[in-house]
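In the working numbering, the protein residues as written are 89 to 460. Yeah, the Cβ is synthetic: ideal placement off N, Cα and C, and Gly gets one too. Small disclaimer: the values here were computed from a predicted structure and weren't measured. Have a look at the structure below, then the notes.
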Amino acid sequence: MTLHIVVPVKRLSEAKRRLSPVLGAEDRLALTWSLLRHALAVVQEAQQTLGAQGAVISADPAALEAAHEFGLTGLVEEATEDLHAAGPEATLNAALEQAARWASRHNAGALLILPADLPLVTPADINALWQASQQLYATRAMVIAPDGHNSGTNALLVRPPVALQFEFGPDSFHRHCQQAQRLGIAYHVQRSPRLGLDVDLPADLAQFLAVEQADPQDDVTQNVARGPQIDAAAEAFLDQPGLLMRLGTVGRDGFPHVTPVWYIYEAGAFLITTAADRVKARNMLHNPRVGFAIDSDQRPYRGLTATGTARLLAEGEASRELTRRIAARYVPAARLDSMVDSLMQAPRVVFAIDPRHVTRMGSWGEEEALSG
């Protein structure tokens, strides 16, 4: 039995307007693109692992082009002006009915509707939905994943593709379940924290950013501006002499490895230096995701905590000048040359850490908070 997966996409310029209180138009578009590419990558992998057929249905040429980039089919939405006038829910459901007919014509055994705004969805979630459907033995079946409020529908798998009428919109989870009951369709509710989070409202975005800071999943937010991550006040703080970075890297055993390191902050990145054979260097080469904190014991207490991605900037003798600039923050000028010579006796590396999410700690007076 072949699974077809359809990602419905409204016109990108119209997406995420409910986030306008916290994101400008440019940032909303960047977020929309990041979420869409994440969804398409997940569907692309499902094509490879499950033998599924993926598609995007949209009236936006850019979204259809993105589908082709990921090896998916692009379906041009056929909704009429009357449907658009009836509202976004009517337009969406009509597009999904069109997608269901397309899947049926292509001999699909089942159809999965996957929204494009699920930042935490993984290929494992697609597989779990598919496996759950295989455990429903009725000819007509439905697997549904509600949103975190048990109100909306964040994923819907139906067998066959035209088994029911799509009713996406407010309270669609209950309407889909009630329709399945009326039609005698066997169904299963698949509850998942990852499938439960969709980014529609400012509170959803805040929840996602909190999850990302605690446990980064991917690069969904890398292109989303979140305000002045490092503003003038923060730069002045970071430039205070003697402050150390407490750097956390991920070991091969999955546990964090935390060590104090010297750093400098330049051009939006944190530069650190270490001997090439140190555990933290090996960890960052294996897994570039890092977290760190920089704080001061002076009163009033203040500091920064961040997550980011490390990249190897220089190694061997090529790291000497960068190592010297980093050491200059901590070593008196009279001893700097001898200190650098001592450090360079063993092979050395310099990493740049690009911060993804930065949060202030402690008291910063009346200054505007950073992102988060």
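Own chain partners of residue i with C-beta closer than 8 Å, once the 5 adjacent residues on each side are dropped
{"i": "Glu323", "result": "Tyr353"}
{"i": "Leu184", "result": "Val94, Pro96, Ile145, Ile201, Phe254 and Phe256"}
{"i": "Tyr389", "result": "Asp383, Met449, Gly450 and Ser451"}
{"i": "Gln328", "result": "Ser384"}
{"i": "Gln132", "result": "Gly142, Phe158, Gly159 and Leu160"}
{"i": "Asn215", "result": "Ala134, Thr137 and Leu138"}
{"i": "Ala434", "result": "Ala363, Ala364 and Asp365"}
{"i": "Gln266", "result": "none"}
Beta-carbon proximity list for residue i, same chain, < 7 Å, skipping 5 on both sides
{"i": "Gly396", "result": "Val378, Ile441, Asp442, Pro443 and Arg444"}
{"i": "Asp292", "result": "Leu285 and Asp286"}
{"i": "Thr120", "result": "Leu100, Ala103 and Lys104"}
{"i": "Leu224", "result": "Ala274 and His276"}
{"i": "Ser221", "result": "Ala198, Ala229, Val231, Leu245 and Arg247"}
{"i": "Asn375", "result": "Val338"}
{"i": "Ala357", "result": "Ala440, Ile441 and Asp442"}
{"i": "Phe325", "result": "Arg390"}
{"i": "Met89", "result": "Gly197 and Ala198"}
Residue span of the beta strand (DSSP E) that contains residue i, given as start and end
{"i": "Ile93", "result": "Leu91 to Val97"}
{"i": "Phe439", "result": "Arg436 to Gly450"}
{"i": "Gln141", "result": "Gln141 to Ser146"}
{"i": "Met432", "result": "Where Met432 is concerned, there is no enclosing beta strand (DSSP E), given that its DSSP letter is neither H nor E."}
{"i": "Glu354", "result": "Ile352 to Glu354"}
{"i": "Ile201", "result": "Ala198 to Ile201"}
{"i": "Arg334", "result": "Met333 to Val338"}
{"i": "Val164", "result": "Thr161 to Val164"}
Neighbourhood of residue i by C-beta, 6 Å cutoff - its chain only, sequence neighbours within 5 removed
{"i": "Thr161", "result": "Ala143"}
{"i": "Tyr275", "result": "Met230 and Ala268"}
{"i": "Met432", "result": "Arg408"}
{"i": "Tyr418", "result": "Trp350"}
{"i": "Val367", "result": "His345"}
{"i": "Pro304", "result": "A caution first: Pro304 carries a pLDDT of 49, below 50, which makes its placement in the model unreliable, though a value can still be read off. Same-chain partners within the cutoff: Arg377 and Thr395."}
{"i": "His194", "result": "none"}
Residue j beta carbon less than 7 Å from that of residue i
{"i": "Gly257", "j": "Glu177", "result": "yes"}
{"i": "Val428", "j": "Ala364", "result": "no"}
{"i": "Leu410", "j": "Val446", "result": "no"}
{"i": "Gln278", "j": "Ala233", "result": "yes"}
{"i": "Leu100", "j": "Ala150", "result": "yes"}
{"i": "Pro249", "j": "Ala155", "result": "no"}
{"i": "Ala187", "j": "Glu165", "result": "no"}
{"i": "Arg116", "j": "Leu124", "result": "no"}
{"i": "Ala243", "j": "Ala127", "result": "no"}
{"i": "Ile414", "j": "Thr361", "result": "yes"}
{"i": "Pro211", "j": "Val130", "result": "yes"}
{"i": "Ser372", "j": "Ala398", "result": "Checking the sequence shown, residue 372 turns out to be Met, not Ser. Yes."}
{"i": "Pro344", "j": "Pro109", "result": "no"}
{"i": "Phe380", "j": "Ala394", "result": "yes"}
Outcome for residue i when other beta-carbon atoms lying within 10 angstroms are tallied against a minimum of 16
{"i": "Phe439", "result": "buried"}
{"i": "Asn181", "result": "buried"}
{"i": "Leu335", "result": "buried"}
{"i": "Met333", "result": "buried"}
{"i": "Thr137", "result": "exposed"}
{"i": "Val308", "result": "Residue placement at Val308 is flagged as unreliable, the pLDDT there being 45, under the threshold of 50; the coordinate-derived value follows with that caveat. Classification for Val308: buried."}
{"i": "Gln310", "result": "Here the model assigns Gln310 a pLDDT of 43, short of 50, so the residue's position is not dependable, and the following value carries that caveat. Exposed, by the Cβ-count rule."}
{"i": "Pro348", "result": "exposed"}
{"i": "Arg189", "result": "exposed"}
{"i": "Glu455", "result": "In this prediction, Glu455 scores a pLDDT of 39, lower than 50, which makes its location untrustworthy; the coordinate-derived value is nonetheless stated afterwards. That one is exposed."}
{"i": "Leu283", "result": "buried"}
{"i": "Phe261", "result": "buried"}
{"i": "Ser122", "result": "buried"}
{"i": "Asp235", "result": "buried"}
{"i": "Ala196", "result": "buried"}
{"i": "Gln301", "result": "At Gln301 the pLDDT is 48, less than 50, meaning the model places this residue with poor confidence and gives no usable figure here."}
{"i": "Ser426", "result": "exposed"}
{"i": "Asp213", "result": "buried"}
{"i": "Leu111", "result": "buried"}
{"i": "Leu331", "result": "buried"}
{"i": "His237", "result": "exposed"}
Host alpha helix (DSSP H) of residue i (start-end)
{"i": "Gly284", "result": "Pro281 to Gly284"}
{"i": "Arg106", "result": "Element bounds for Arg106: n/a, residue is neither H nor E."}
{"i": "Pro348", "result": "Here Pro348 belongs to no alpha helix (DSSP H); instead the beta strand (DSSP E) covers Pro344 to Val349."}
{"i": "Asp115", "result": "Ala113 to Leu138"}
{"i": "Glu153", "result": "Pro149 to Glu157"}
{"i": "Val326", "result": "It is Leu, not Val, that sits at residue 326 in the sequence shown. Ala320 to Leu326 is the span of the alpha helix (DSSP H), which, as asked, contains Leu326."}
Beta carbon proximity, residue i to chain C, threshold 7 Å
{"i": "Leu91", "result": "No chain C is part of this structure, which consists of one protein chain only."}
Please go through the stretch 359-417 and give each complete beta strand (DSSP E) segment of 3 or more residues, from N-terminal end onward. 377-384 and 390-403
Which runs of the alpha helix (DSSP H) spanning at least 4 residues fall entirely within the stretch 243-287, listed in chain order? 260-271 and 281-284
In the stretch 182-236, which residue ranges form an unbroken beta strand (DSSP E) of at least 3 residues, counting only runs that do not cross its ends? Inside the stretch 182-236, DSSP marks whole beta strand (DSSP E) runs of 3 or more residues at positions 198-201 and 229-234, from first to last along the chain.
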